[in-house]
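Colleague: The opening position of the sequence shown corresponds to residue 6 in the numbering used here, with each subsequent residue numbered one higher.
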Amino acid sequence: MKAEDAWGPRWVNCAHPLSHEFMRISSEKQSLVVLAADLPTVDGIVELIEELGDYVCALKTHVDMVEGFNMEEWRRVVDATRSKGMLLFEDRKFADIGRVAQTQMGGLYDIRSWADLVTSHSVSGPDVIDGIATAWDEVERIGGVLLLAQMSSSGNLLVEGYTESTLDIGKASPHVLGYIGNGSSVSELRELRSKVGDGRMIWTPGVNLSAEEGILGQRYGHPVEAVLAGSDAIIVGSGIHKSDDPLSAVREYASSSWGALLER
Ligand code: 5BU
6 MKAEDAWGPR WVNCAHPLSH EFMRISSEKQ SLVVLAADLP TVDGIVELIE ELGDYVCALK
66 THVDMVEGFN MEEWRRVVDA TRSKGMLLFE DRKFADIGRV AQTQMGGLYD IRSWADLVTS
126 HSVSGPDVID GIATAWDEVE RIGGVLLLAQ MSSSGNLLVE GYTESTLDIG KASPHVLGYI
186 GNGSSVSELR ELRSKVGDGR MIWTPGVNLS AEEGILGQRY GHPVEAVLAG SDAIIVGSGI
246 HKSDDPLSAV REYASSSWGA LLER
């Protein structure tokens, strides 16, 4: 199916080129799955990519979880991700002043050189986005920022007024591809979508086909309901990599999320 037919108004109204890249990949793979590869070794992550990559649109990493990190080893993750035709998404959650965020895009992990997408808080104001974008400019790469408008963790402080201010910051920047919306609450997601409109994406963690509650305050909702409420990507970690049969699990997340998009 052609991406523009599946995605309708989102295809027409999103401006960021990587949003179209994501929509194109999703239509090819018939999946809205972003895999949260929360594993401590490069070997483990590469294995996951090779086993599941055909059903995954973007690989979400926490690079600072990897034990004994070195860039040469990390290249294996980057290469495997590319060979499976996925975007690479570092869930860094930047939150500092612009200049420091710019520097943090380099350094040991050199996120600017391999990540297509990163997350950022908006708590420090809009300049954090410019800092991130400047770092991508330095290496002549295009990247997109997902701002945390909501979170899935219980008791988080991203209350309604904060969410609205975050959307104002996002609207003002061409680097903001979209927002993180809370998958554990259909009503919050619906509300978020009505405020965001069609011009930005909403990507959603806190979704699981079976678990109701995660560990340490993680909350879950159903991925199909999240997509029907306006989410464009389901971010799934343990629902897939902790499953007894990760391949069957990823297929199930892929087909149910894709079906929900078509229904929407
Ligand atoms: P899980 O195993 O599906 O619960 O993993 C969820 C992933 O999404 C994990 O990597 C978190 O860092 C990430 N996440 C989240 O769970 N909730 C949020 O609000 C944000 C990110 Br932002």
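Even for Gly, the Cβ is constructed at its ideal location relative to N, Cα and C.
This structure is a prediction, so every number in the text was calculated from the model and none was measured.
Please state if the CB of valine 123 and the CB of isoleucine 134 are separated by a distance shorter than 8 angstroms.
Modeller: No, they are not a contact pair.
Colleague: Under DSSP, the alpha helix (DSSP H) around tyrosine 167 begins and ends at which residues?
Modeller: Tyrosine 167 -> alpha helix (DSSP H) spans 165–176.
Colleague: State yes or no: is the C-beta of threonine 124 nearer than 7 angstroms to some heavy atom of the ligand NAD?
Modeller: By its list of ligands, the structure shown excludes the ligand NAD, since it contains just the ligand 5BU.
Colleague: If distances are taken between C-alpha atoms only, which option among Asp48, Gly204, Gly130, Ile220 comes closest to threonine 171?
Modeller: That would be Gly130, whose Cα lies nearest to the Cα of threonine 171.
Colleague: Short check: CB of leucine 23 to CB of isoleucine 147, under 8 angstroms?
Modeller: Yes; because the gap between Cβ atoms is below 8 angstroms, this pair is in contact.
Colleague: Would DSSP call isoleucine 239 helix, strand or coil?
Modeller: Three-state result, isoleucine 239: strand.
Colleague: Put glutamine 35 into one of helix, strand or coil per three-state DSSP.
Modeller: Residue state, collapsed to three classes: coil.
Colleague: Quick one: what does DSSP say aspartate 69 is sitting in, helix, strand or coil?
Modeller: Aspartate 69: helix per DSSP, three-state reduction.
Colleague: Which whole runs of the alpha helix (DSSP H) in the segment 115–202 are 4 residues long or more, in chain order?
Modeller: Counting whole runs of 4 or more residues, the segment 115–202 contains the alpha helix (DSSP H) stretches 132–143, 165–176, 191–201.
Colleague: Do isoleucine 207 and glycine 183 have their C-beta atoms within less than 8 angstroms of each other?
Modeller: Yes; because the gap between Cβ atoms is below 8 angstroms, this pair is in contact.
Colleague: Would you give the residue range spanned by the beta strand (DSSP E) that glutamate 95 belongs to?
Modeller: First-last of the beta strand (DSSP E) with glutamate 95: 92–99.
Colleague: May I ask you to report which of helix, strand or coil DSSP gives alanine 306?
Modeller: Past the boundaries of the shown model lies residue 306; the chain is included only from 6 to 269, so the question cannot be answered.
Colleague: Kindly indicate which three-state DSSP category arginine 224 falls into: helix, strand or coil?
Modeller: Here arginine 224 sits in strand by DSSP.
Colleague: Out of Glu196, Leu151, Gly160, point me to the one whose CA is closest to valine 181's CA.
Modeller: With distances taken between Cα atoms, valine 181 lies closest to Leu151.
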